[in-house]
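Sequential numbering from 30 applies to the sequence shown in my numbering.
Glycine included, C-beta positions come from ideal geometry on N, C-alpha and C.
Input: a single structure, listed below in structure tokens.
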Amino acid sequence: MTNAPATQDFSPDLSREQAQSLVQEGLRGADDGELFIEKRQTESLVFDDGKLKSASVDDAQGFGLRSVSGETAAYAHATELSASAIKRATATTQAILSHGQSKSIAASPARTNTKLYSDINPADQIGFAERVALLERVNDFARSLDPKVRQVSASVATDFQDVTIIRPDGATFRDVRPLVRFNVSVTADNGKLQGQGSDGFGGRAAPLTYLTEERWQEATREALRQALVALEAGPAPAGEMDVLLGPGWPGILLHEAIGHGLEGDFNRKGTSAFAGLMGQMIAADDVTVVDDGTLPDRRGSITIDDEGTPSRCTTLIENGKLVGFMQDRLNARLMGVAPTGNGRRQSFAHIPLPRMTNTYMLNGKRSPEEILASMKTGLYAKSFGGGQVDITSGKFVFTVTEAYIIENGKLTRPVKGATLIGAGADALKRIAMVGNDMALDKGIGTCGKAGQGVPVGVGQPTLRINGLTVGGTAAA
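Shown next as structure tokens:
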């Protein structure tokens, strides 16, 4: 099981027994803390404009030692896996204990037998030459689909992360995390305009599960479809209007505009727009949102988090009521609640923070056809690009990469240049109808927070949001 104790030595200069002894001594008197040891291999190939543009391989290892006292955390990290390096790190972590020492350190997480993904290194299952050949086929296939195709870019990335977490009481937790991601983008040209489209997929299963001919051809066709739609799109209207959000990837708006505001640190500090609203109705009564890190093989799933806490499904909003936050150990302890398995970090060089895993809205009762038919006018936002969110206010701006005008309950002409503008707490209250077609994204999401990026998943059913501000280039 992946969260079982590790038995091997970490390096010729650091045995498991040495590491446990050093952690016990170095974190003596702290409220909490851990030694996080990471070994990682990442590979990335990019095929662009008919040739292999870049190929990178990176092997990294290191440790991070954290000591927590009250609200303060001291953190030291190094790429050297040795007893002497950890001893030097303890000088930093002991510094925060000068004003007093805890009589007892927080208990270690409970163990489970859960294993959500394999421990196969993706790079070992599909070789370098095979990946190059695959990307060449993607390029040739895309160009064969339509004479308007002018440029094709395709990439395959693999990630293999082996982490061990050692607690002050000697408890040791290990997780081996594979990750695969495929992306393709297509540029089409009709002689006057250019249109772009992209698609991708991935997750924590073995790469041969994902990189089938059927799947990459489907993604390539989808990227081309988006590019051709973009050639026909006119200017997006501007103004306040009802908006229909598609299922799946549009859940990125939910993730950014609402999800971050439900992370424990922002609420403990009172900087979230949702601070102080626990137990109150913050959305329509058919809105339920969860963060679920236990979905097998999903990109955002983790068997244990980066503090050793088992992953779980945490209900955040239930039937419109705010019922939970995502918690790491530090914020959970200070807020008097249990950690939820959301303590995540980008690497050994980063301190853990409460972070999302797979965050999505559950199904409602309406069919997407019924929701569309209910709208006399509005905008259908099928897919999203980038966005910006202010956590304190919850205000957001999101770019819509594919959108259509709604007229008399039907989708009509495509438009481009649309942005959605609003505030997360306000948008929740404007949700008028929730579809029964919940879908997760295809496994391409990465979340940024405090300079750290971690893989995540998003999802939602079709949603109708009334009176949302749309930015565009034409009058509504």
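Measure the beta-carbon distance from I460 to L273 and round it to whole angstroms, keeping in mind my assumption that it falls under 8 Å.
-> Your numbering for residue 460 matches position 431 in the sequence shown. Your numbering for residue 273 matches position 244 in the sequence shown. A Cβ-Cβ distance of about 11 Å is found for the pair I460 and L273, leaving them out of contact under the 8 Å criterion.
What did DSSP end up calling Y239 once you bin it into helix, strand or coil?
-> For the purposes of this step, residue 239 is taken as the residue at position 210 of the sequence shown. Reduced to three states, the DSSP call for Y239 is helix.
Pick from K298, R69 and A410: whose alpha carbon is nearest that of P151?
-> For this step, residue 151 is matched to residue 122 along the sequence shown. Comparing alpha-carbon positions, the option among K298, R69 and A410 lying closest to P151 turns out to be R69.
For L56, which option in A402, E100, P276 and P197 has the closest C-alpha, if you only look at C-alpha atoms?
-> Within the sequence shown, numbered from 1, the residue matching residue 56 stands at position 27. In this structure, P197 is the residue among A402, E100, P276 and P197 with its C-alpha nearest to the C-alpha of L56.
In DSSP terms, what E269 is bridged to = What you label residue 269 is simply residue 240 of the sequence shown in a count that begins at 1. T498, per the DSSP bridge assignment.
In three-state terms, what does DSSP make of S330?
-> Against the sequence shown, residue 330 aligns to sequence position 301. It is coil, neither helix nor strand.
Just how far apart, CA to CA, sit T143 and P484?
-> Walking along the sequence shown from the start, residue 143 turns up at place 114. Walking along the sequence shown from the start, residue 484 turns up at place 455. Each residue's Cα considered, the two are about 20 Å apart.
Is the Cβ-Cβ distance between V426 and M270 less than 7 Å?
-> Reading the sequence shown from its first residue, position 397 is the one you call residue 426. Reading the sequence shown from its first residue, position 241 is the one you call residue 270. It is not a contact, given that the beta carbons lie outside the stated cut-off.
Can you list, in chain order, the residues of its chain whose CB lies under 6 Å from that of L145, leaving out five sequence neighbours each side?
-> The residue labelled residue 145 in the question sits at position 116 within the sequence shown. So the qualifying residues of the chain are P325, S330 and T332.
For K411, I'd like the list of residues in its chain whose CB is within less than 6 Å of its CB, leaving aside the five on either flank, ordered along the chain.
-> Reading the sequence shown from its first residue, position 382 is the one you call residue 411. Contacts found: G275 and E431.
A12 versus L282 - alpha carbon distance | With the chain covering only 30 through 505, there is no way to say anything about residue 12.
To which residues of the same chain is E506 closer than 7 Å at the C-beta, ignoring the five residues directly before and after it?
-> In the structure displayed, the chain extends from 30 to 505; residue 506 sits before or after that span and is not available.
Within 7 Å, strictly: CB atoms of G226 and Q255 | Counting from 1 along the sequence shown, the entry for residue 226 is found at position 197. Counting from 1 along the sequence shown, the entry for residue 255 is found at position 226. The answer is yes: Cβ separation under 7 Å.
D60 to Q417, Cα distance in whole Å?
-> Residue numbering aside, residue 60 sits at position 31 when the sequence shown is read from its first letter. Residue numbering aside, residue 417 sits at position 388 when the sequence shown is read from its first letter. It is roughly 36 Å from the alpha-carbon of D60 to the alpha-carbon of Q417.
Label Q123 either buried or exposed according to how many other C-beta atoms from any shown protein chain fall within 10 Å of its C-beta, with 16 as the threshold for buried.
-> One-based indexing of the sequence shown puts residue 123 at position 94. Classification for Q123: buried.
Determine the burial state of Q37: buried for a count of at least 16 other Cβ atoms within 10 Å of its Cβ, exposed for fewer.
-> As a position in the sequence shown, residue 37 is number 8, starting the count at 1. With fewer than 16 Cβ atoms within 10 Å of its Cβ, Q37 is classed as exposed.
Pairwise C-alpha distance: N465 and A361 | On the sequence shown, position 332 is the one that residue 361 refers to. On the sequence shown, position 436 is the one that residue 465 refers to. Cα to Cα, the separation comes out at about 34 Å.
Report back the beta-carbon spacing between I420 and T300 to the nearest angstrom; my notes put them in contact at under 8 Å.
-> Counting from 1 along the sequence shown, the entry for residue 420 is found at position 391. Counting from 1 along the sequence shown, the entry for residue 300 is found at position 271. Taking the Cβ atoms as the reference, I420 lies roughly 7 Å from T300, within the contact range of under 8 Å.
Less than 8 Å between the CB atoms is what I'm expecting for T249 and A162, so what's the real figure, rounded?
-> Position 220 of the sequence shown, counted from the first residue, corresponds to residue 249. Position 133 of the sequence shown, counted from the first residue, corresponds to residue 162. At roughly 15 Å, the Cβ-Cβ gap does not stay under 8 Å, so T249 and A162 are not in contact.
Simplified DSSP state of F377, which is helix, strand or coil | Translated into the one-based positions of the sequence shown, residue 377 becomes position 348. Coil.
Kindly identify the DSSP beta-bridge partner or partners of E436.
-> Translated into the one-based positions of the sequence shown, residue 436 becomes position 407. The partner list for E436 (beta bridge, DSSP) reads T406 and K439.
Residues that DSSP places opposite P414 in a beta bridge = Within the sequence shown, the letter at position 385 stands for residue 414. Residue identity check: residue 414 is Gly in the sequence provided, not Pro. BP columns for G414 are empty, so no partner.
How about A103 and G91: do their beta carbons lie closer than 7 Å?
-> On the sequence shown, position 74 is the one that residue 103 refers to. On the sequence shown, position 62 is the one that residue 91 refers to. Their beta carbons are not under 7 Å apart, which means A103 does not touch G91 by this criterion.
Which residue spans inside the region 141 to 170 form an unbroken alpha helix (DSSP H) run of at least 4?
-> You should have 151 to 154.
Cβ distance (whole Å) where P339 is taken to contact P138 below 8 Å = Position 310 of the sequence shown, counted from the first residue, corresponds to residue 339. Position 109 of the sequence shown, counted from the first residue, corresponds to residue 138. Their Cβ separation, rounded to whole angstroms, is 6 Å, which keeps P339 and P138 in contact under 8 Å.
Check whether the region 288 to 298 touches the region 209 to 226, taking contact to mean three or more Cβ pairs, one atom from each stretch, closer than 8 Å.
-> As far as the Cβ criterion goes, the region 288 to 298 does not touch the region 209 to 226, which means the pair count is below three.
When you compare each of V97, T201 and D175 to T141 by their alpha carbons, which one comes out closest?
-> Your numbering for residue 141 matches position 112 in the sequence shown. Relative to the Cα of T141, the nearest Cα in the group V97, T201 and D175 belongs to T201.
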